[in-house]
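Residue numbers (the working numbering): 2 to 81. Glycine included, C-beta positions come from ideal geometry on N, C-alpha and C.
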């Protein structure tokens with residue numbers, strides 16, 4: 002797993018990744034009256050604060066967003 006700094010991703014690609022993440026997580030279907038762009042902005046702020054990280058998995062050739070503890074756990078499991 003490779004940690005990808007959000008600053009290294011083009012603005013359009015980052016926006017698409019954040020929107021995909023939010024819709025896959027179901028945030029856009031909650032009963033809270035918050036729109037997709039609001040959820041995307043919240044996730045973006047978590048990236049900026051370092052609470053979340055973007056991860057590329059070369060085995061599956063996929064990209065996802067994980068919390069820092071989730072990322073560390075997956076890295077440790079991969080090292081075993």
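In the DSSP annotation of this structure, the continuous segment of the alpha helix (DSSP H) that includes residue 44 starts and ends at 37–50.
DSSP lists 3 and 64 as the beta-bridge partner residues of residue 57.
Take residue 53, set aside five residues on each side of it, and the residues of its chain with a beta-carbon closer than 8 angstroms to its own are 44, 47, 66, 67, 68 and 69, in chain order.
The C-beta separation of residue 20 from residue 5 comes to about 17 angstroms, leaving the pair out of contact by the 8 angstroms criterion. Within the same chain, and ignoring the five residues on either side of residue 18 in sequence, the residues whose Cβ sits closer than 8 angstroms to its Cβ are 10, 55, 64 and 66. Under the three-state reduction of DSSP output, residue 81 falls in the coil class, being neither helix nor strand.
Around residue 51, the same chain offers 69 as residues with beta carbons nearer than 8 angstroms, after the five sequence neighbours per side are excluded.
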